[in-house]
Structure formats: structure tokens, C-alpha cells
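Q: For reference, the structure I am asking about is given below.
In mature numbering (1 follows the signal peptide of the UniProt record, and there is no 0), the protein residues as written are -23 to -1, 1 to 921.
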């Protein structure tokens, strides 16, 4: 154990005080997105050599501070690793495998695939000397899962949850004015849910810089109470002092209205908290005649919080919030701003076609927009805390949210996760209810469930008393959790008598947290079990499940039920019920995995919103079924609908409220037409026409994103010679792009085993059987010498570093599985000598211009199978006896180019998600297919 002199200790504290004094002059905080330019490689869950030797060091990261080893070491050579931007989901990049997890969509990742369950991420950043004295933090919105984070070789901590955000203070470890290394090891070998969860850093990462005296993360809490047309706003702020300042500070709270105009402000003086202590300051403000947040007019206010010291702003923090009231009534349901509102919601997991869980911000808006268009006003986060950007989208677009924690329990693991979720999300006006559990069958009906619920419910109220608590319950609505939860969450009518429960607990409000679990495949109208396709007609899938129509009729007819949340808004990976392999996605969604609507969307649109709707199904392409009866359905909110086939009326029918219309029609090619009437007046016409063969490709970009977008969602379809979209087309389309990159492709087919991404394959090949010979020459050869085979010994074994040779020759081997001329092969040399000359298979290779330790190996000097490499060097010398010398000569990188991006259409549609690069040019997307006219789309996207 080392001792520290009193003089050194005093000097340390003098420096510490001067640093913190210097920091008082630093202005405001910085929150810097650091998603770009990470290095990534897969590791291994238990073979440490395949995990780059991590945790093999004599000390390693848990025994001595700062001894992160393997990739956790700052000096680790990651040049051969893949370069990428975040967010990133490595699971979606893997092939499908029947050995993969059923619940996670049969991707060859996670449990059962130890070589695909560990992901390493590394990034280098420069932090200027001018930041000395600030508090420097790393902020992660979410990593799936069990992440370990290192900074400059220092182990920062482990976050087990794949869904909660977390942060680490790295101030003491920073190399100010120089390079700093961030390393994340994610372990996705264990699943948290029974649904696709992805793998890796799939949410944003930030570098935060603040004054030592600052507002903590999620450190504001805004409560607005409306009285007499005005709003009283309570603004609570938690400040922390990681410096030595003692004295008075000023807290300034300012409210801006949705137009950016200041409408209220207050200033209060208080004392700074002590060193490493926190303090809460509460301010009261008034907003006159506030603009309320509502699902149709989602008005957002902004609270600006400033800390001033001696008149100077040393920290500022912004909080979006809304002014609105929520109330559940056991007799009359749910009220928003004092008005009754039937909840028309959906449950949703967080993955999307082509990109898994790594959703760009723009895609969050895309998905919420799609739900809003359907008439949806509620979103249940199933079954985990969402990414912050999803809640931002719901705030701005007017979508009510049930925010749900991942796991029930009463210990630190469970309650701390719940606390972090509530403190992060409680200022979002979209969040109207906390959910602390879902279908916990083992405890739902007993006393253990009651106890856990009472604790979690009370704990939630202690953090945010303004919102109620619910739990989704499915194993009977009689006892246990259902008898004590504040808002009863009914999961499926078939699991219990809802009316009987309500009659027993008349003071308990309730809603359908999951309902209407219908199987459907978009564009399929005859169930085909052999091919794993379910008919899109809305019918009861099981005796205990109810169709979407049955579910809505039940909830709409009962005022005491606040509404229902359908399972689900979108299809999702995993749970390919009622099938298994090769089905890889669910069948439950109102929309498919891409967001293309199934027919049920139009049933809901008819009764969930006020605009006239007329939807006619199925398509009218039934070659070979001439004269056979086809079920024709109409979804509409018109009073009456008349159906025509080739201009001949098949009768007019009256629409029942919350119902649909049906005809049996003998198929004949041509035109199927529906006309909708309101008050005996024709108001809508819908047509399905028999189309001809596909002739041309059509690319359509979604243009409804409210952000300054650098990501776009593009729909791919094909047209016949008359310009009609062909609903049965399944052509394979190939894509190319300029000015951007493709993030993923999809088509909504639950049985598709096509690739989601097309990325170059990077294989790292080790140099093995490394041997050495001592040499007496000081000049390094320019042609490969001939060496005696009898003089080779194991390299570096028992090396006497005080008595080294003048030079050394090293011989090693590496195996290439193939030597395709399309491959790029590089040798990333790691110094094992002062100078080096390198030969491969007898050929001298030279360093590249871009990197003096990178050698490009041309395929004409390589062999399929075993290759011999010679490295002749002047040796490195130890400066100190305890110096650890590098004995790794480097790594061979083999890059196999990917196939072109492509995807088959599924029932007429496919989807591409694209992102702009940093150039000033437009994005140009091209699509081609055999026998079809190509299409080119110019897209004007923003740089970020």
C-alpha cells in the first residue's frame, strides 16, 4: 500500500479548489450527441480469447482501478473493426435460424449463439483543456443489455436493464486536451422479454458538460393545476453541488408559451448545497388563460430553469410540459381537460422492419402518425420504458401514453428501475398512466401480488402523485392484484367476467389494457396454414379471443370502461403465433411490421374518428377463381353502402353502428365498386379493379414528418400499364443510393427470411503459430531471406529483454476460407519492433499511405487456405522492468462485399428506410427489377 505525503495531499486539495473556482466562470451546460463514428465487433460470451482477451489480465478491471483490458484498454487496436453510427441493433443484422429464439423472431443472436451474443463498441473523443473544472458525464438512453462501460480503461459500472437510461460521471478520468476512449460491452445472451428486443447500443449516447453546481439529470418536475381558467404551475428543481462553492445562488424559472413568448417568470435566492449533496427548490408560477394540451391541439410549454451565481448563469435546463387535466371515473370512464374521452389505443413493441430496435427519431414520428391516422389516441408501451424520442413524438402529435416498467418487484432492482422511468418521463403530458406490471400469472391472483402491487403503487405515487397506476391482468379478474390496483387493466375478455368484476368493485376504474388479439396477414384473404398465412378478415381467432369488432363493441357499449388498447398497433418480431418457424413475426398488428395497413385499420378508422370512411376488401385479382364466391366486406361509417360488380348493383345495405357489411360475390374480372351514402346522398366511392401484369416500379416517400428530417421512409410498389397498383405483386426489387445510405428494408411478410440489412462482412483472422529467430543484422532485408527451419522457436517465450538480438525474424500463419478477387484483405500490424519489413507468401508488402501500420494485401499474392507471413524487425526495448511488451503482431481483416440491397414485394408493397449522408446533395434512390421499368427518386433531406 502506497502512502501519500501531507505536502502532496495539500497540493491536491489546492488544485481541486482552484479547479472548482475556475469552473464557476464556465457558462451553461452542453449536451453533445456522440452517435457518430463508433467501432464495433462481436465478441464471445465465454471464450475469453474470442472475446479479445478481455478479463484475462493479471489485474484486469475489477481488481485494480484503471486496468480495463482487452478492448476495454485505451490502447487496444480496433482499426480492423467495423465503423458505424448509433443507434445500432446487431441482432437484426444476423441471419434467421430455426435454432434461434421463437420469442425473438428466430434471429441467430442471443442465447444459443455465444459468438453473436456479445457486442463491443469503442469510440475516441477529444475533450479540450478548457473543460477542466466542468463535470463531464456519459449519458446512455438505453443499451440492450447488461452493459459494462469503460472510460480510458476505468470501469464505470454495469447496467443490467436493456431499457432504462443511465449515466456515468467521468470527470476524474478525463485526459484533458487529448484523446479519450469510450468502451461499451453489451451482453445480449439473456432475454428480458418474450418478444424481439434487439442487441447493442440501440438508443442515443451523449457527452454532457456542466458546471460543478448544476441541475441533475431529469432534475425538474412540473405540475400544473387549473383553477378559474388559469394554471398554477409548481416547478420543482433538484440541484447538485460537485464543487466546493458555498454561498448564495439564484434560481430563475421562466415559462414560454407554445409560440415562444414568455408568460411567467420567478426568481428565488437560496444557498448552494454542500459538497456532493443535493437540494430541491420549489417555485410557484402562474399562467393566465393557458392553451391546454389535448390530443387534437397538443400545446407544449417550455420551462427554462437557470442557476445564477453572482449574477452569472452557470447552468440552464429546459423542460417541455403541457397543461392539462386527467381523471378516471368509475362510472363514466376517462376525462381529459374535463371532457369525456374514450381511450382508443394500441399496444406496441419498439421494433420496426429492417432496423429492429434501432429506430431513428423520424421513425418514431412516422409510427405515431400512422396510429393517429387510424383514429388511435392511446399508446401502451409494451412492456418496457420507451425511448425518450417516442414520448416526444406523442407529446407533439397528441397521443396519450401508458408508460410501463419492465418487471414487478419490491427490491432496489425493481423500484430503482421504476423510479428512473417515472422521474425521466413525468413531465411528458402524453403520459397519463403508469403501468407497474403485465400478466404476472404467478402472482396475479394471490396475496403476494397484492403486496407487491400495494408497494409499487404507493412508491409510484411518492414520486408522481398526479397520475394513476394500472396493471394488465389476464389470469382472472377476481382477487389478488385486481382487488387493489388503482386502475384495473383487463387483458382480454375471454380471461374473466369484466361486468362481474365491476359489480364487485364499483369504485374501481377500469380499461382494456389488451384486447382484440386477431391473427391477420396483410393482403391475404384465405387462410393458408401450409404457408403460414392468416386471412385478413376480422374473425375470432380462438374461442377465448375476440375479434377487433367484438372487442370495440364491448368497450364502446360500457361507459364505465375508459376504453381499450388493442394487441397490437404494429406487427413485431417474435411470437409468430399461431405458427412457428419459418414464421418470424407476429400476426397481431393492425399494421404490418412496416406500417402498411391491414384491413382492420379501416374498421377502426370508421369508428375511431369522425371523417367519412369507405373501405372495400378484398382486392379483385382472383385469376382461376372465376364463378366462385368471394367474401366481400365493407368497412365504413356511412349510413348505407351499395355494391356494384361491373356496374351491376348487388344491393344496398344499412350499416350497423360499430359493424361492417358483407356480400358473397361470384368472381368475374373487372371493377368492384362500393358507394357510400350519408343522409341519402352519395359521399364516397371506393373501387377495386382487376389489374394486369406489373410493368413499372413506383417509389413514394412519406412526406408527413414534422422534424427537420435526415431519414425518410420510402414505399415501393409496382404498377400495371394502366398505372394501377398491383396488389398481388411479389417482384424482387434491387436498390442503389447516392447521397445517403439505406438503413434497412422490409415488406411485412411474416414468413420472409430475407435479409433486413446488406452490409459488408468483416472477418478477423488471427496470425497463429508465431515463431521467431534471432538475427545479427542491423539492416532489414528488402527481399525475403531464406531461414533455417531448425532455428525457429516459439515467439517471445522466455525473452530476455536485457539481452536481445540486433533484430528478429517472425514467422506466422493465417488461413483464408476463400480468396475472392472481390474481397479486400488488410493486415493491421501492431508494433513488435522499432522498424519492420513484412513479407506475405514471399512477397514484400508496403504500408498504405493512410496508415503506416496498415498493409493492403492483394489477392494475387494470397492463397486460399494457409498463408505464411514474415515480419523482420528491430526489437522494442523495455524502459522499466515492469513494462508489458506487445507480443501480438496484428490481425488480418477480410472484407467481403455485400450483395446489392434488395427485397421482394409482399402483396404489392415493400419499404426502404434511408438516411442522408453529410454531403450537400440530394439523396437519389434507384430501384430496378427484371422485366420492369426502373424508377428513380430524388429526396431532399436535411444534414444532422
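For every residue, glycine included, the Cβ atom is placed at its ideal position computed from N, Cα and C.
Which residues does DSSP list as the beta-bridge partners of residue 544?
A: 324, per the DSSP bridge assignment.
Q: Nearest-angstrom Cα distance between residue 559 and residue 662?
A: Answer to the nearest angstrom: the Cα atoms are 39 Å apart.
Q: Quick one: give me the first and last residue of the beta strand (DSSP E) that residue 632 is part of.
A: Unbroken run through residue 632: none, as it is neither H nor E.
Q: Going by other Cβ atoms of all chains shown within 10 Å of its Cβ, with 16 needed for buried, is residue 422 buried or exposed?
A: By the neighbour-count rule (16 or more Cβ atoms within 10 Å), residue 422 is buried.
Q: Hey, residue 31 and residue 49: beta-carbon distance below 8 Å or not?
A: For residue 31 and residue 49, yes; Cβs fall inside 8 Å.
Q: Of the choices 383, 409, 407, 581, whose alpha-carbon is the least far from that of residue 397?
A: Closest option to residue 397, Cα to Cα, is 383.
Q: What would DSSP say about residue 465, mapped onto helix, strand or coil?
A: Here residue 465 sits in strand by DSSP.
Q: When the Cα atoms are used, what is the spatial distance from residue 653 to residue 617?
A: Approximately 6 Å between the Cα atoms of the pair.
Q: Which term fits residue 262, buried or exposed, when burial requires 16 or more other beta carbons within 10 angstroms of its beta carbon?
A: It is buried - the Cβ of residue 262 has at least 16 other Cβ atoms within 10 Å.
Q: With a CB to CB cut of under 6 Å and the five nearest residues on each side skipped, what residues in its chain are close to residue 454?
A: Excluding residues within five positions, the ones whose Cβ falls inside 6 Å are 473, 478.
Q: Pick out whichever of 400, 572, 753, 35 has its Cα sitting closest to the Cα of residue 859.
A: With distances taken between Cα atoms, residue 859 lies closest to 35.
Q: Thinking just about the alpha-carbon of each residue, which of 372, 409, 643 is nearest to the one in residue 595?
A: For the residues 372, 409, 643, the minimum Cα distance to residue 595 belongs to 643.
Q: Determine which residues share a DSSP beta bridge with residue 415 and list them.
A: According to DSSP, which records beta bridges pairwise, residue 415 is partnered with 449.
Q: To the nearest angstrom, report how far apart residue -2 and residue 218 are at their CA atoms.
A: Confidence at residue -2 is low in this model, with a pLDDT of 38, below 50, so the placement of that residue should be treated as unreliable; the coordinate-derived value is given next. Rounded to the nearest angstrom, the two C-alpha atoms are 15 Å apart.
Q: Span of the beta strand (DSSP E) holding residue 713?
A: Unbroken beta strand (DSSP E) run through residue 713: 709 to 715.
Q: Just to confirm the assignment: which complete beta strand (DSSP E) runs, minimum length 3, are found wholly within the stretch 297 to 345?
A: If we require 3 residues or more, the beta strand (DSSP E) runs fully inside the stretch 297 to 345 come out as 303 to 306, 310 to 313, 320 to 325.
Q: For residue 43, which residues of its own chain have a beta-carbon under 6 Å away from its beta-carbon, when the five flanking residues on both sides are left out?
A: Result list for residue 43: 130, 131, in chain order.
Q: Please determine if the stretch 328 to 347 and the stretch 686 to 694 are in contact, where contact requires at least 3 C-beta pairs separated by less than 8 Å.
A: Yes, the stretch 328 to 347 is in contact with the stretch 686 to 694.
Q: How do the stretch 524 to 531 and the stretch 53 to 60 stand: do at least 3 beta-carbon pairs fall below 8 Å, yes or no?
A: The stretch 524 to 531 vs the stretch 53 to 60: no contact.
Q: Quick check on residue 16: does DSSP put it in helix, strand or coil?
A: Strand, per DSSP.
Q: Under a three-way DSSP split, which group does residue 26 fall into?
A: Looking at residue 26 - three-state DSSP - the assignment turns out to be coil, as it is neither helix nor strand.
Q: Using the beta-carbon count (16 or more within 10 Å), is residue 252 buried or exposed?
A: Under this definition residue 252 is an exposed residue.
Q: What's the C-alpha gap between residue 563 and residue 266?
A: Roughly 47 Å separates the two Cα atoms.
Q: Please name the residue in 678, 873, 818, 829 whose C-alpha comes closest to that of residue 892.
A: Checking every option, the nearest Cα to that of residue 892 belongs to 678.
Q: Which of the three DSSP states, helix, strand or coil, is assigned to residue 908?
A: Coil.
Q: So, are the CB atoms of residue 881 and residue 707 less than 8 Å apart?
A: Yes.
Q: At which residues does the beta strand (DSSP E) containing residue 437 begin and terminate?
A: Segment 424 to 440 is the alpha helix (DSSP H) holding residue 437; no beta strand (DSSP E) there.
Q: When the Cα of residue 619 is compared with those of 695, 647, 599, 660, which residue comes out closest?
A: Ranking 695, 647, 599, 660 by Cα distance to residue 619 puts 660 first.
Q: Does the beta-carbon of residue 210 have 16 or more other beta-carbons within 10 angstroms, so that it is buried, or is it exposed?
A: Result: buried.
Q: Check whether the Cβ atoms of residue 593 and residue 649 lie closer than 8 Å to each other.
A: Contact: yes.
Q: Alpha carbons only, please: which of 842, 828, 820, 827 is nearest the one belonging to residue 834?
A: Answer by Cα proximity: 820.
Q: Return yes when the Cβ of residue 770 is within less than 8 Å of the Cβ of residue 927, no when it is not.
A: For residue 927 there is no data in the structure shown, the boundaries of the chain being -23 and 921.
Q: Using 10 angstroms around the beta-carbon of residue 3, count the other beta-carbons present and answer buried if the total reaches 16, otherwise exposed.
A: Annotation note: pLDDT 47 at residue 3 (below 50); position unreliable, coordinate value reported separately. Flag for residue 3 reads buried.
Q: Could you tell me whether the stretch 13 to 20 touches the stretch 90 to 107, where touching means 3 or more Cβ pairs closer than 8 Å?
A: Because the criterion of three Cβ pairs below 8 Å is met, the stretch 13 to 20 and the stretch 90 to 107 touch.
Q: Mapping the DSSP letters down to three states, classify residue 852 as helix, strand or coil.
A: Three-state DSSP puts residue 852 in coil, outside helix and strand.
Q: In the DSSP output, what is residue 134 paired with across the bridge?
A: DSSP, once it has assigned bridges, lists 126 as partnering residue 134.
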